[in-house]
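**Student:** Please see the structure below; I have some questions.
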Amino acid sequence: MNSAWIMRVTAATLGCALLLLPAAARSAAPLDGKVFVVDLGPKGKAADEKDDVLTFRDGRFHSKFCDKYGFGTGTYEAKNDGGAVVFTTETVSESDGRLVWRGRVEGATIEGTIVHHRKPSWFNRNPEPRELWFRGRAK
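Here it is in C-alpha cells:
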C-alpha cells in the first residue's frame, strides 16, 4: 500500500470525527446542569408530594424525594424534539423496585410520567405497576 494514500485516509477519517464530535457531545447529555422543582402524584389524582428536586448532572438523573426510598441516580437518555427535550431514565432501589421516568422539558417547564415497578414480596409476588405524574419548573 502507498503510505501517502494511508495518510490521506487517516486524515480524512480524523477530520470527519472532529466535525461530528461537537454534535455528539451536545446531544449526549443536553439536560446536564439543569435542576427542576416538581410536584408529583398518582395518575388522575392531585399531587401528594410537593417540591421534589430533580437534577441532571454528568449524564445522570437524581430525584431528591426518592432518596428516602433508596432510589439512586440513573443514566438518562435525551433527545431534541422540536423546541423541547424528551428524556427517559430508570432509577433502582434495592428495597422498593424501580422507577421508569419519561419526561419533556420545554423552556423552564418539565412534565412527565413515572411508572413504579414495585419489588415483589412474600405477600405480593406480582405487584401491579403504579403510574404517577410529575410537573414543575426550573429552579
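Residue numbers for the sequence shown follow this note's numbering, so the first one is -15 and each next one is one higher. Note that the Cβ used here is the ideal one computed from N, Cα and C, for glycine as well. All values reported here derive from a predicted model rather than from experimental measurement.
Please name the residue in D32, P26, K18 whose C-alpha comes closest to that of W117.
**Tutor:** Answer by Cα proximity: P26.
**Student:** Grab the span of the beta strand (DSSP E) containing L38 for me, first residue to last.
**Tutor:** Here the beta strand (DSSP E) through L38 covers 33 to 41.
**Student:** For G91, count neighbouring Cβ atoms within 10 angstroms of its own Cβ and tell me buried if that reaches 16, exposed if not.
**Tutor:** Exposed, by the Cβ-count rule.
**Student:** Between K123, R102, N108, G17, which lies nearest to F45 when the distance is taken from Cα to Cα?
**Tutor:** Of the candidates K123, R102, N108, G17, the one whose C-alpha sits nearest the C-alpha of F45 is G17.
**Student:** In its own chain, which residues sit with a C-beta less than 7 Å from the C-beta of G56, not counting the 5 before and 5 after it?
**Tutor:** Within the same chain, G56 has close Cβ partners T75, V76.
**Student:** Spatial neighbours of R102 within its chain, please: CB distance less than 6 Å, with the 5 preceding and 5 following residues excluded, ordered by chain position.
**Tutor:** Same-chain partners within the cutoff: G81, P111.
**Student:** Output needed for F49: all residues of its chain with C-beta closer than 8 Å, excluding positions within five of it in sequence on either side, in chain order.
**Tutor:** Correct list, in chain order: L24, E33, D36, V37.
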